[in-house]
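Asker: Chains as they are written, first to last, in our numbering: chain W, 8 to 447; chain D, 8 to 447.
All C-beta atoms in this analysis are idealised placements derived from N, C-alpha and C, irrespective of residue type, glycine included.
1. Residue 211 of chain W: buried (16+ other C-beta within 10 angstroms of its C-beta) or exposed?
2. Identify which residue in D:184, D:408, D:73 and D:68 has its Cα closest to the Cα of residue 141 of chain D.
3. Mapping DSSP to helix, strand and coil, what is residue 164 of chain W?
4. Just grab the DSSP bridge partners of residue 196 of chain W for me.
5. How is residue 359 of chain W classed by DSSP in three states: helix, strand or coil?
6. Report the rounded CA-to-CA distance for residue 272 of chain W versus residue 78 of chain D, giving the unit in angstroms.
7. Pull the bridge partners of residue 433 of chain W from the DSSP assignment, please.
8. Near residue 377 of chain W, what residues of its chain come up, given a Cβ to Cβ distance below 7 Å and the 5 sequence neighbours on each side ignored?
9. Taking just the CA atoms, how far does residue 226 of chain W sit from residue 274 of chain W?
10. Which one or two residues does DSSP pair with residue 77 of chain D in a beta bridge?
11. So who's on the other strand from residue 422 of chain W, going by DSSP bridges?
12. Which of the three DSSP states, helix, strand or coil, is assigned to residue 368 of chain D?
13. Taking only beta-carbon positions, decide if residue 141 of chain W is within less than 8 Å of chain D.
14. By alpha-carbon positions, which one of D:374, D:408 and D:360 ends up nearest to residue 383 of chain D?
15. Quick check on the burial criterion: 16 or more other C-beta atoms within 10 angstroms. Buried or exposed for residue 329 of chain D?
16. For residue 296 of chain W, which three-state DSSP category applies?
17. What's the C-alpha gap between residue 320 of chain D and residue 89 of chain D?
18. With a threshold of 16 other CB atoms inside 10 Å of the CB of residue 189 of chain W, please say whether the residue is buried or exposed.
19. For residue 20 of chain D, report the span of its beta strand (DSSP E) as first-last.
20. Quick check on the burial criterion: 16 or more other C-beta atoms within 10 angstroms. Buried or exposed for residue 36 of chain D?
21. In chain D, what lies closer than 9 Å to residue 234 of chain W by C-beta?
22. Report, in whole angstroms, the separation of the C-beta atoms of residue 64 of chain D and residue 386 of chain D, which I expect to be a contact under 8 Å.
23. Does the beta-carbon of residue 416 of chain D have 16 or more other beta-carbons within 10 angstroms, so that it is buried, or is it exposed?
24. Based on Cα-Cα distance, which residue from D:170, D:34, D:18 and D:276 lies nearest to residue 397 of chain D?
25. Might you give, ordered along the chain, the residues of its own chain that have their beta carbon closer than 8 Å to the beta carbon of residue 205 of chain D, omitting 5 neighbours on each side?
26. Counting only the same chain and skipping the five closest in sequence on each side, list residues whose C-beta sits under 6 Å from that of residue 290 of chain D.
27. Residues in the stretch 107 to 125 of chain W with C-beta within 8 Å of chain D's C-beta atoms, listed in sequence order?
28. Which one or two residues does DSSP pair with residue 44 of chain D in a beta bridge?
29. Would residue 195 of chain W pass as a contact of residue 324 of chain W if the rule is Cβ separation under 8 Å?
30. What is the rounded straight-line gap between the Cα of residue 32 of chain D and the Cα of residue 242 of chain W?
31. Looking at residue 426 of chain W: is its Cβ nearer than 8 Å to the Cβ of residue 96 of chain W?
32. Compare the beta carbon distance of residue 135 of chain D and residue 38 of chain D with 8 Å and say whether it is the shorter of the two.
33. Residue 388 of chain D to residue 294 of chain W, Cα distance in whole Å?
34. If you draw a straight line from the alpha carbon of residue 175 of chain W to that of residue 81 of chain W, how long is it in whole angstroms?
35. Can you tell me whether residue 107 of chain D is buried or exposed? The criterion is at least 16 other CB atoms within 10 Å of its CB, across all chains shown.
36. Please report the straight-line C-alpha distance between residue 283 of chain W and residue 318 of chain W, rounded to a whole angstrom.
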């Protein structure tokens, strides 16, 4: 489909990777923008002949591709980046992260932390965040202020926090946030029950019903550690995936985040029901959760998206790292260097994430009619040359600091490596304030 | 020991990580340089009082540490960066890398490729390369022109190449190169028999003798793949490490590169004989070689250094990536998030590499009398704040593009992220020439 609006600008890079099915890198082509959308991807001479005089961003040494979709994060946790590292999971959570959250995770913390996450994300070529954290209305405010595209989690967890008192309160607040923002073009919503070990059956039942009624994706930590599985067997007499299956959770709406520990039949089941698995390789390694069976999931036909997790367990929101690591780990765990080639890692970080969020009709590839969520990566730095294959370079050689331009909905948010809307110095001084408080 | 020379300059950063045994990050301190050496590391007020008027590089948001030691690379292969990816090892070697080398790996190729590797390395905070490639005299020339510190491999391999005709020819050329350059302060030398599957017993015997006579380290690929081990069992009736043990190779001089596939008794043996294991995590994953048992090697007391391998199997010469990945993999393979903490990864990338090369009396830590091989990493970028612990940040959050300053032997080679001696545009145009030839 060609959008019938008036073209407004051209982007003319060295290479275009559209991430449309079966398309290889295009050379000597241009992306034609029409307001917030992509009107066409055309050979450059044709684009210039059709649209003479249109403003053109020439990017002669760059690869242009869809913006990256970070399909699992806790954005505000950037303020706890590196607060506690090299610790076993439960000591990390119980002695450091949870106490810090009890004291500090207020509405203001979430607003500032999410803004920091957005700054980092935009500079690193991420144009959509799938977030799960407390005070999602503050994350929504940060997204609206900065221009970020964001899927906001309607979080629910069994225990009280500074944000909400009980499951009903969590859901009420989250649904009210959705009602307030459901017409904001760059915001979307997920139900975000935290995890099988923090959510009861009655709450899960209510979430399943809401997902159906409101047609929302479900964002859920699942099978992250062996301990989670053992606890479920002890408490519920079955593994979490079986419990969720009984509760009617398996389906195309489900984003199973982490999914590190899976039986063969669970892989088949995720595939059969059309679930998404969200792979967070850095976090899985750093917290010693293990190696997710991504090769097997892909072979079974599961939609695999990519996420960074929060900055407290990564410690960056860097989708270039996740792409590289996902490709590397799939090769080493399967013993096959051809497993998860660069192109597949790029798809995981773009169109597969969009599909998970139910947004693949709007973002995830550079195709006519889709939102102009576009990034440019300069492949001409002296530590990146020579470049024989741009897809391989984007995954194996380039990094987030090579992102030069970012557009969301056609709006330039990063230009020549600089944030356009965000005031970095103001943000840094607010972060410094939190640093002082949390370090005390 | 305090060097008794005249102080020439101060470096005054936010944090200093000396990598001296047991030292934590120092704040409000300065490094005092005296020509090519470190004279002292002192509290800043004391340094200023002792040396008023000395030129001072103030780095208020930076961590300063010893330059990184890349203990295994094939520098010139930067020209084949991304030439062939996502392929099984033997197809990669036989269909792509070896044919490209047969046609293109000339003296000129090695000079340009090594210069490119040096540019990338310096910008990424690497101040010492342990190289193994053909035409090492060209690598030596590149090092001398650029100011790089380099351990040059006296390579020997059983089959003829464009560089040499037979093992004796390889050794003669390499030893002549060493004679020519043995008084160059920034060059050192290793014997570099390629691998057990490409070197015969008589050649190994000659190498062992030379190592003893000339007191040189031995740089050798070892136990990289299961196939290598099976081939050795078939051909020699034993695994490569046992074969080398019989040939008298095990000892503090041996750098066993990769060492992915090890039996428990082989780990004990490497520890007992004081060998170094050079861990190349990116390469091991990308080529699907496997997961080296680094946790077990460290527990056994083996000196573990870090390397990038060549850019054709990585695809970067980025020691920040290797540190992060080494820490991550050790955690995930042992199931212990406390395994290989950030400080240990920093030691692997500095003092442990220096020890492997027999250079730990000269480089690898910031201590009085040692060479001033120093890097500064700016931890103030908006995607790095807040910073609670600089060691953790250097490994988990920062990257090569955050390196702002590099000194080798006291000489500034990178200043504010720019190469001082090297002409980037000239180099890029030479690289472009090779790109055209190799892509044809």
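Answerer: Looking at the atomic coordinates:
1. Residue numbering aside, residue 211 of chain W sits at position 204 when the first chain is read from its first letter. The residue is buried, with at least 16 neighbouring Cβ atoms inside 10 Å.
2. By one-based count along the second chain, residue 141 of chain D stands at place 134. Per the Cα distances, D:184.
3. Position 157 of the first chain, counting from 1, holds the residue named residue 164 of chain W. Coil.
4. Translated into positions along the first chain, residue 196 of chain W becomes position 189. Note: residue 196 of chain W sits in a beta bridge opposite W:159.
5. Taking the first residue of the first chain as 1, we reach residue 359 of chain W at position 352. Residue state, collapsed to three classes: helix.
6. Here residue 272 of chain W is taken as the residue at index 265 of the first chain, counted from 1. Here residue 78 of chain D is taken as the residue at index 71 of the second chain, counted from 1. Cα to Cα, the separation comes out at about 44 Å.
7. Your numbering for residue 433 of chain W matches position 426 in the first chain. BP columns for residue 433 of chain W are empty, so no partner.
8. As a first step, residue 377 of chain W is located in the first chain; it is residue number 370 there, counting from the start. The answer, listed in chain order, is 44, 45, 369 and 370.
9. What you label residue 274 of chain W is simply residue 267 of the first chain in a count that begins at 1. What you label residue 226 of chain W is simply residue 219 of the first chain in a count that begins at 1. Roughly 18 Å between the two C-alpha positions.
10. As a working mapping, residue 77 of chain D is identified with position 70 in the second chain. Bridge partners of residue 77 of chain D: D:136.
11. In the first chain, residue 422 of chain W corresponds to position 415, counting from 1. According to DSSP, which records beta bridges pairwise, residue 422 of chain W is partnered with W:425.
12. Here residue 368 of chain D corresponds to residue number 361 of the second chain, with the count starting at 1. Residue state, collapsed to three classes: coil.
13. Counted from its first residue, the first chain places residue 141 of chain W at position 134. Chain D contact via Cβ: absent.
14. For this step, residue 383 of chain D is matched to residue 376 along the second chain. Nearest option by C-alpha distance: D:408.
15. By 1-based counting over the second chain, the position of residue 329 of chain D is 322. Flag for residue 329 of chain D reads buried.
16. As a position in the first chain, residue 296 of chain W is number 289, starting the count at 1. Coil, per DSSP.
17. To locate residue 320 of chain D, count along the second chain from 1; it is residue 313. To locate residue 89 of chain D, count along the second chain from 1; it is residue 82. Rounded to whole angstroms, residue 320 of chain D to residue 89 of chain D spans 8 Å at the Cα level.
18. What you label residue 189 of chain W is simply residue 182 of the first chain in a count that begins at 1. Classification of residue 189 of chain W: exposed, given that the 10 Å Cβ count is below 16.
19. The residue given as residue 20 of chain D occupies position 13 in the second chain. Start and end: 16 to 23.
20. Within the second chain, the letter at position 29 stands for residue 36 of chain D. Label assigned to residue 36 of chain D: buried.
21. To locate residue 234 of chain W, count along the first chain from 1; it is residue 227. In chain order: nothing, as chain D lies at least about 11 Å away.
22. The residue you call residue 64 of chain D lines up with position 57 of the second chain. The residue you call residue 386 of chain D lines up with position 379 of the second chain. The Cβ separation is near 16 Å, so there is no contact.
23. Against the second chain, residue 416 of chain D aligns to sequence position 409. The residue in question, residue 416 of chain D, is buried, as its Cβ has 16 or more Cβ neighbours within 10 Å.
24. Position 390 of the second chain, counted from the start, is the residue given in the question as residue 397 of chain D. Looking at the Cα atoms, D:34 is the closest of the given residues.
25. The residue labelled residue 205 of chain D in the question sits at position 198 within the second chain. Only 164, 165 and 166 meet the Cβ criterion.
26. Here residue 290 of chain D refers to the residue found at position 283 when the second chain is read from its first residue. Excluding residues within five positions, the ones whose Cβ falls inside 6 Å are 316, 320 and 321.
27. 123
28. Taking the second chain and counting its residues from 1, the one referred to as residue 44 of chain D is at position 37. The partner list for residue 44 of chain D (beta bridge, DSSP) reads D:41 and D:378.
29. Start at 1 with the first residue of the first chain, and residue 195 of chain W comes out as number 188. Start at 1 with the first residue of the first chain, and residue 324 of chain W comes out as number 317. No.
30. Translated into the one-based positions of the second chain, residue 32 of chain D becomes position 25. Translated into the one-based positions of the first chain, residue 242 of chain W becomes position 235. Residue 32 of chain D and residue 242 of chain W: Cα-Cα distance of roughly 46 Å.
31. Residue 426 of chain W sits at position 419 when you count from the first residue of the first chain. Residue 96 of chain W sits at position 89 when you count from the first residue of the first chain. Going by C-beta atoms, residue 426 of chain W is not nearer than 8 Å to residue 96 of chain W.
32. What you label residue 135 of chain D is simply residue 128 of the second chain in a count that begins at 1. What you label residue 38 of chain D is simply residue 31 of the second chain in a count that begins at 1. Not closer than 8 Å, so no.
33. In the second chain, counting from the first residue as 1, residue 388 of chain D sits at position 381. In the first chain, counting from the first residue as 1, residue 294 of chain W sits at position 287. Going from the Cα of residue 388 of chain D to the Cα of residue 294 of chain W covers about 25 Å.
34. Within the first chain, numbered from 1, the residue matching residue 175 of chain W stands at position 168. Within the first chain, numbered from 1, the residue matching residue 81 of chain W stands at position 74. Approximately 21 Å between the Cα atoms of the pair.
35. Here residue 107 of chain D refers to the residue found at position 100 when the second chain is read from its first residue. Result: buried.
36. Counting from one through the first chain, the residue named residue 283 of chain W turns up at place 276. Counting from one through the first chain, the residue named residue 318 of chain W turns up at place 311. Approximately 22 Å, taken between the alpha carbons.
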